[in-house]
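Numbering (my numbering), first residue to last: 43 to 351.
Everything below concerns the one structure shown next.
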């Protein structure tokens, strides 16, 4: 099949790599290069890097609403467009260009967790499973008919990073399966139940600031959901500390934010209910460290207190 691929981050690059093994990718759409990092240098997306490696025609429009962008896409005469974490809205005119429309690889079991951050929101909510949905795109936000769904269990120690990697692989294999079914005319569209819909709003740095008055279970989920971005953080003795890994300590109580114990195995902090053992921490300008190394570089003691929001 002649495929246009639209995507930007590593999640999408995994799907593009799989498609290149079985199909003719006639062009790749990805977002324009953007400044990033401390030096704010222009950075190419993982999808662009892969496209350049394979010598694929590359389009990086700032919007798909322009007639110029739409003419360029129409000239490709594609059978289908595959979309994965592209980051730009596809207007109706673009959705109708490929002969078989546009198929989206979405990292949730739709209609649950429509939107920008389904992986993180699933962990934060304490979901036991998530998955991949291949969807026929329409003009709504992840509202199109479901074509294929595969379930992925969420492990007790799952972080956004580990779950992302699992779903990226599952998404790549799922889109290949969906395209085979499409060619065989065996795809069966299923309408989404709007009553079961929920929305995964975009992540913000501010929401990762720990509120020690919350239940320790909720904070522990947040630590995993916000790893590797935006990373949970809290102020200890005037220093902003990032928390990369933590574990539950049930039946331990104290004033929220108070350090109950400090040893090489972790720093136990009282929460609104139960406590949290901080296991991997990071100081400003430093690297993430296990507690044993962290407390050597930044001495703390039981009785010290994290700021409470």
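Just so it is clear, CB atoms sit at the ideal spot from N, CA and C, and this is done for glycine as well.
Keep in mind that this is a model prediction, so the values were computed, not measured.
Inset, instruction - Pull up the DSSP beta-bridge partners for residue 195, would you. - result: On the chain shown, position 153 is the one that residue 195 refers to. DSSP lists 171 as partners of residue 195.
Legend entry - Simplified DSSP state of residue 200, which is helix, strand or coil: Residue 200 sits at position 158 when you count from the first residue of the chain shown. Residue state, collapsed to three classes: coil.
Legend entry - residue 315 in three-state terms, based on DSSP: Here the question's residue 315 lines up with position 273 in the chain shown. Strand.
Legend entry - Nearest candidate by alpha-carbon position, reference residue 135, set 145, 106, 150, 298: The residue you call residue 135 lines up with position 93 of the chain shown. Cα-wise, what sits closest to residue 135 is 106.
Legend entry - chain B within 8 Å of residue 269, Cβ atoms only: Judged by its chain identifiers, the structure shown contains no chain B, having just a single protein chain.
Legend entry - Closest Cα partner of residue 242 within the set 295, 213, 183, 204: Here residue 242 corresponds to residue number 200 of the chain shown, with the count starting at 1. With distances taken between Cα atoms, residue 242 lies closest to 183.
Inset, instruction - Identify, in the order they occur along the chain, each residue of the same chain with its Cβ nearer than 8 Å to the Cβ of residue 83, setting aside the five sequence neighbours on each side. - result: Along the chain shown, read from residue 1 onward, the residue named residue 83 stands at position 41. Cβ within range, chain order: 77.
Legend entry - Selected residue, minimal CA-CA separation from residue 290, among 196, 259, 271: Here residue 290 corresponds to residue number 248 of the chain shown, with the count starting at 1. Per the C-alpha coordinates, the member of 196, 259, 271 positioned closest to residue 290 is 259.
Inset, instruction - Let me know if residue 45 comes out buried or exposed under the rule of 16 or more other beta-carbons within 10 Å of its beta-carbon. - result: For the purposes of this step, residue 45 is taken as residue 3 along the chain shown, with counting starting at 1. Buried: at least 16 other Cβ atoms inside 10 Å.
Inset, instruction - Within its chain, find whatever has a CB closer than 6 Å to the CB of residue 52; leave out the 5 residues flanking it on each side and keep chain order. - result: Along the chain shown, read from residue 1 onward, the residue named residue 52 stands at position 10. Once the five neighbours on either side are set aside, the close Cβ partners of residue 52 are 88.
Legend entry - Neighbourhood of residue 166 by C-beta distance below 7 Å, restricted to the same chain and skipping five residues each side: One-based indexing of the chain shown puts residue 166 at position 124. 263, 264, 267.
Legend entry - Straight-line gap, residue 169 to residue 150 (C-alpha atoms, nearest Å): Taking the chain shown and counting its residues from 1, the one referred to as residue 169 is at position 127. Taking the chain shown and counting its residues from 1, the one referred to as residue 150 is at position 108. Approximately 11 Å, taken between the alpha carbons.
Legend entry - Spatial distance of residue 177 from residue 111 (CA atoms): Position 135 of the chain shown, counted from the first residue, corresponds to residue 177. Position 69 of the chain shown, counted from the first residue, corresponds to residue 111. Their backbone Cα atoms lie some 23 Å apart in a straight line.
Inset, instruction - Look at the alpha carbon of residue 147 and the alpha carbon of residue 62, and state the distance between them as a whole number of angstroms. - result: Here residue 147 is taken as the residue at index 105 of the chain shown, counted from 1. Here residue 62 is taken as the residue at index 20 of the chain shown, counted from 1. Each residue's alpha carbon lies about 16 Å from the other.
Legend entry - Straight-line Cα distance separating residue 163 from residue 311: What you label residue 311 is simply residue 269 of the chain shown in a count that begins at 1. What you label residue 163 is simply residue 121 of the chain shown in a count that begins at 1. One C-alpha to the other measures close to 24 Å.
Inset, instruction - Going by CA-CA distance only, name the one from 294, 69, 255, 72 that's closest to residue 276. - result: The residue given as residue 276 occupies position 234 in the chain shown. Ranking 294, 69, 255, 72 by Cα distance to residue 276 puts 255 first.
Inset, instruction - Mind the definition here: the stretch 232 to 247 touches the stretch 295 to 314 only if three or more C-beta pairs lie below 8 Å; say whether that holds. - result: no
Legend entry - Beta-carbon proximity list for residue 205, same chain, < 6 Å, skipping 5 on both sides: Stepping through the chain shown from its first residue, residue 205 is reached at position 163. If the five residues before and after residue 205 are omitted, its C-beta is found closer than 6 Å to the C-beta atoms of 161, all from its own chain and listed in chain order.
Inset, instruction - Entirely within the stretch 215 to 286 and at least 3 residues each: give me those beta strand (DSSP E) ranges in chain order. - result: 274 to 278
Legend entry - Assigned secondary structure, residue 76 (DSSP; H/G/I helix, E/B strand, else coil): As a position in the chain shown, residue 76 is number 34, starting the count at 1. Strand.
Inset, instruction - For residue 201, collect the residues of the same chain with a Cβ closer than 7 Å to its Cβ; drop the 5 residues on either side in sequence, then sort them by chain order. - result: Taking the chain shown and counting its residues from 1, one reaches residue 201 at position 159. Correct list, in chain order: 266, 269.
Legend entry - Unbroken alpha helix (DSSP H) run spanning residue 63, endpoints: For the purposes of this step, residue 63 is taken as the residue at position 21 of the chain shown. Taken as a continuous stretch (DSSP letters only), the alpha helix (DSSP H) holding residue 63 covers 52 to 64.
Legend entry - Closest residue to residue 244 among 159, 347, 133 (Cα-Cα distance): By 1-based counting over the chain shown, the position of residue 244 is 202. It is 159 whose Cα lies nearest to the Cα of residue 244.
Inset, instruction - Would you decide whether residue 156 is buried or exposed? Buried here means 16 or more other CB atoms lie within 10 Å of its CB. - result: On the chain shown, position 114 is the one that residue 156 refers to. Buried: at least 16 other Cβ atoms inside 10 Å.
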